[in-house]
Amino acid sequence: MVARDTDRQDIVLDAIDAGVIVLDRVGRIVSWNAWMESASGRTAAAVRGKTLTETFPGVESGRLESAVSIALGSGASSILTHALHPTLFPLRSRAGRPLLHDVTVTAIGHQTGAGCLIHLTDVSRAVRRERFLRERQNARYDAVTESAPDVILTFDSEGIIQLANPAAGLKFGYGMADLIGQSATVLFEGQVWKDTWQALIDGRHLRQPVELEGRRKDGSLTYFEVSASRWQTDSRIFVTTILRDINERREILAALRHSEAQARAAASALTELNATLEQRVADRTAKLMETEEALRQSQKMEAIGQLTGGIAHDFNNLLQGIIGALDIVEKRIRAGRIGDVDRFVQGALTSANRASSLTHRLLAFSRRQPVDPRPMDVNLLIATMEELLRRSIGEKTRMTIAAADDIWLVRCDANQLENALLNLAINARDAMPGGGTLEIATSNAVLDAPQAMARNLKPGEYVRLTVKDSGVGMSPDVQARAFDPFYTTKPIGQGTGLGLSMIYGFVGQSGGAVLIESEIGAGTTIEICLPRYRGDLAPQENVPKETVESRTDRNEVVLVVEDEDVVRLLVVEVLNELGYLALEAADGSSALRILQSSQRIDLLVTDIGLPDLNGRQVVDAARTKRTDLKVLFMTGYAENAAGSAFLEPGMELISKPFTMEHLALKISDMIAR
Amino acid sequence: MGYKILIVDDSKLARMAVNKALNTLYPDWVRLEAANADGAMSSLKEQQPDVALMDFNMPGQDGLELAAEFRRLHPRMPVGVISANHQQEVIDRARAAGASFLPKPLTEQALSRFLDEAVQQIEKGAS
Amino acid sequence: MTAPAPEILNELELDALTELVNLGISQAANNLAKMVREEVILSVPKVTLVGRQEAIRILAERDSKSLVAVHQVFEGDIIGRALLIFPEARSLELVKAVIGGNLPIEEIIELEQEALAETGNVILNGCLATIANLLKRKLKISLPEVLRGESSLFFNLQPPPEAGETVMFIYINFAVRERNIDGYIAMLMDLPSLQTLKVLLGDFIRRTAGN
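Protein chains in written order, with the numbering used here: chain A, 1 to 673; chain B, 1001 to 1127; chain C, 2001 to 2211.
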């Protein structure tokens, strides 16, 4: 019966599609079903009576033995899963593949200690299916994350890192294995992370990428832009975050902001600087120009002041000569002795011409003229100034002019050079209170290097103008300060001290140099070197010395308007001699009446300063009808003569005093046009 | 002559179990008891026991730390650490502290062996 | 019927029970250590006897309401249910601690159920079998079953132990592979079982401490 029971039991056990092993109270194998025989390759007969360790040498016995002993000893059931024991027994499927299995160990019978049952379940199919699904899933996941440049981290609901891609290890400086199991707080700190995490855990979506501060393993900070989402598997919540490295972007932005700020600061500083600089330069320039202009003017006035006394004396002498000569002429005519009248008339004319020349120069000199460097001949300039200079230095001083032949041209402002020469002459005169010699000399000079160096010039060709006196001379101390503005050795009221400094400035502007040679008691030589100008003279504006050949046969009509009877008489006389028909008017209104009539008028010759309407007004009124009326203005004011801007086409100007020849030439020239 | 033994265990039952064994093994020994490390330290200072036996798993300072402290203060004092935790690491730590390891539940045999050795050690040190 | 447990057991009996649990948990840790081949560091378990509702409340007060339990039934002179309870998140830590290495999360999740069942099984068996042995009694202990849910679910399983109002509540805290795991072992017993336990504890005390 026992045998039959056992047989039947075996038949039942063999029918079970699972492994069944029965152990006795000391752990020896009692039963081993067919499934076990197939899976282990060991027959029941072969294993019966052995322990499991004897049956499977090298089996991971510890856990199994304790499970068996606890079942036998206490009646406790145990489970040994493939999860924790992937290869517990070396079992194979019928196809020969490894057979994954779970094992349970339970006590047999109500009274424990009778033995225990070991039950093995094939879980291969389930495990393989799971594995396949996982691998497929992993492949998809890995395909995305493995090569992603972004950090991809998956956290569990506690914020523990469960998955990390290679970029994560790289960016945070951890080995990938070190990151798994770390808390998010190791990598991220601060409120932004807390808020972001809470939002994610609560299932809220991040509306926009969040900028996050991370900490690398070495403690340094790194920045990311985070996008993230929550997902769920079974009842578990996970959060997967994608972190884009924005350090570079931040750096660029910061650098950009920095440089932008710098640029802005620099720009505003520059603008400010420029503004103030420009303003300052403008202010300074304006002030300088004003000062210069004032200085030049004051210099002129000083010179004029110096001249006035001598000129008045000379003028009286000239007038005396004229009056005297005319007086004699009148007497001789009255007495009928007209034989040598011509001699006196010529004398009067000479004196008058000299006076005219003198006043002309004086006016030209005193008028305001812009600095206008032009090519010029220094000798010519000295010649034109000779008269003025002689009168300036007075009779006690002898003046000699030594002008070298074939002097080179220079390029400078004539007015300034005149001014300079005049100032030097006056200084020389003042240095020779008891009289002496003033020598003005010009020469061409080729300066070699040492000579040029002494003058602070480049070596080359220069025109040298020297003004030498035989006066008291200057001490070295005075010489050193001679060019300082407002330095003067003269008593108060006699000079501004600007003379030499003005000369120095003008010569310097013209590319030349001023040199002083002086010794106490041995006189002073002032040398002006001006660079040679290689070019032609500017066209001369001077009136060519021509005489009008013949009278005109045509009946051109010229209206002469002049309140000064003598001048009007002279002009009319000239016109008559030229063969023109001259009409006369002594004031503007009578002239206008003629002009508004149908009277033929080919030329209007008018003074600008008239008692009622001035010449300009007469012309403007006349030109409303006679649009092409030719007009020759006469003026005694150099100011007017220089300001020829008001002259329209068909208008010209002649400055008083003028010679008859000059007037005749001008008139015939204009009518002929 | 009897020695003074200090028994440290948070379980009264455990202390009783040691007492029971001592009744058989060394009835003439003076027994001092403490329920925790603090009590043990004051007993050590005031009563100057010759031998100490302590539970590993105690609230507060554990038996291993206490044993180390005892050995530091009295390098020749035999100290035993009892624990139900038989993990090798625990046994190693006890030995490193200069203490003997006695597994729980404590058997009379194990206690006897420890006490015999303790007596030898004390007497060797005294001679 | 609803007498609070402390009135059932006197001070020495509680001390003895604590010592038994201590021995049981230590054995469980030893077994676990053997399984993971790593040291399992164990803190002193705290044992309390509480009513069922109190047990539910204590668990509900933990930060995570979502719990996971390994459940085994014990039968013999004492009948009841043993539950190893963790917050769900810690249970994964336990599995990771037991498995070791750095398996991908999906793999751990897949293994979780089985690994948790086996780990809980080792702990509960270690604890229960040790106590039973020390009390000189045989206990038939079932295979483990993993439960998930709230604490109330665990203490209202059908069929309930008769008058199963008393819970021996053991707070345990251990660390494996630098992972700290804390949870509870709850033993739900009916009154006759508790009375039997009282008798068995008396026997145990006498054996251990004499008279």
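Where a beta carbon is used, it is the ideal one built from N, C-alpha and C, also for glycine.
If you look at Trp193 of chain A, you'll find it in the alpha helix (DSSP H) that goes 191-201.
Phe238 of chain A sits away from Asp142 of chain A, with the two beta carbons spaced by 7 Å or more. Within the same chain, Cβ atoms closer than 6 Å to the Cβ of Asn2121 of chain C are found at Pro2144, the five residues on either side in sequence being excluded.
The beta carbon of Leu80 of chain A sits closer than 8 Å to the beta carbons of Arg63, Leu64, Ala67, Leu88, Asp102, Val103, Thr104, Val105 from its chain, once the five residues preceding and following it are set aside; these are given in chain order. For a cut-off of 8 Å, the C-beta gap from Arg334 of chain A to Val341 of chain A is around 11 Å, too long to register as a contact. Under DSSP, Gln1088 of chain B forms no beta bridge with any residue. Any Cβ of chain C closer than 7 Å to the Cβ of Gly159 of chain A would place that residue at the interface, and such an atom is absent. Listed in chain order, the non-local C-beta contacts of Ala591 of chain A below 6 Å within the same chain comprise Val561, Ala585, Val618, local neighbours out to five positions each way being set aside.
In the structure shown, Ser475 of chain A falls within a coil segment according to DSSP collapsed to helix, strand and coil.
Proximity of Ile2141 of chain C to chain A, defined by a Cβ-Cβ separation below 7 Å, is satisfied.
Within the stretch 2022-2049 of chain C, Asn2031, Lys2034, Met2035 place their CB atoms closer than 7 Å to a CB of chain A, listed in sequence order. DSSP assignment within the stretch 1021-1056 of chain B yields the following whole beta strand (DSSP E) runs of 3 residues or more, N-terminal first: 1030-1034, 1051-1055. Here the stretch 44-52 of chain A does not lie against the stretch 71-80 of chain A, with fewer than 3 beta-carbon pairs under 8 Å apart. For the stretch 2107-2135 of chain C, the set of positions with a beta-carbon nearer than 7 Å to some beta-carbon of chain A reads Glu2107, Ile2109, Glu2110, Leu2111, Glu2114, Ala2115, Ala2117, Glu2118, Asn2121, Asn2125, Leu2128, Ala2129, Ala2132, Asn2133 in chain order. Counted as a single uninterrupted DSSP element, the beta strand (DSSP E) harbouring Val2176 of chain C occupies residues 2166-2176. Excluding its 5 nearest sequence neighbours in each direction, Ile70 of chain A has C-beta neighbours in its own chain below 7 Å: Ala76, Ser78, listed in chain order. The bridge partners DSSP lists for His119 of chain A are A:Val20, A:Thr104.
Using a C-beta cut-off of 8 Å, the stretch 458-466 of chain A makes no contact with the stretch 558-577 of chain A, since fewer than three inter-stretch Cβ pairs fall below that distance. The Cβ atoms of Ala1014 of chain B and Leu1064 of chain B lie no closer than 7 Å to each other. A contact is defined here as three or more CB-CB pairs under 8 Å, and the stretch 500-508 of chain A fails this definition with respect to the stretch 437-454 of chain A. Cβ contact annotation for Glu2088 of chain C (same chain, cutoff 8 Å, sequence separation greater than five): Ser2064, Ser2066, Leu2067, Val2068, Arg2148, in chain order. Within chain C, the C-beta atoms nearer than 8 Å to that of Gln1087 of chain B come from Ala2029, Asn2030, Ala2033, Glu2039, Val2040, in chain order. When the five nearest sequence neighbours on each side are left out, no beta carbon in the same chain lies closer than 7 Å to the beta carbon of Arg125 of chain A. Listed along the chain, the chain C residues whose CB falls inside 8 Å of the CB of Leu72 of chain A amount to none; the nearest CB is some 11 Å away. For the 7 Å CB-CB criterion, Asp469 of chain A and Ala428 of chain A form a contact. For Asn2031 of chain C, same chain residues with a beta-carbon under 6 Å away, outside a window of 5 residues either side, are Val2122, Gly2126 in chain order.
When beta bridges are read from the DSSP output, Val2098 of chain C appears opposite no residue. Distance from Val2146 of chain C to Thr2119 of chain C at the Cβ level is roughly 10 Å; contact not present, criterion being Cβ atoms closer than 8 Å.
Taken through DSSP and simplified to helix, strand or coil, Lys2140 of chain C comes out as strand.
Take the alpha-carbon of Asn33 of chain A and the one of Asp10 of chain A: they are about 7 Å apart. Sequence-distant Cβ neighbours of Ala1037 of chain B in its own chain, meaning closer than 6 Å and more than five residues away, are Gly1060, Gln1061, Leu1066. Runs of the alpha helix (DSSP H) lying entirely within the stretch 2040-2085 of chain C, each at least 4 residues long, are 2052-2060 in chain order. With a contact defined as Cβ atoms closer than 8 Å, Met2168 of chain C and Ile2078 of chain C miss out at about 11 Å. Against chain C, the CB of Ala76 of chain A has a partner CB under 7 Å away; the residue lies at that interface. The count of Cβ pairs closer than 8 Å, one atom from the stretch 174-190 of chain A and one from the stretch 198-206 of chain A, stays below three, leaving the stretches out of contact. Proximity of Lys2138 of chain C to chain A, defined by a Cβ-Cβ separation below 7 Å, is satisfied.
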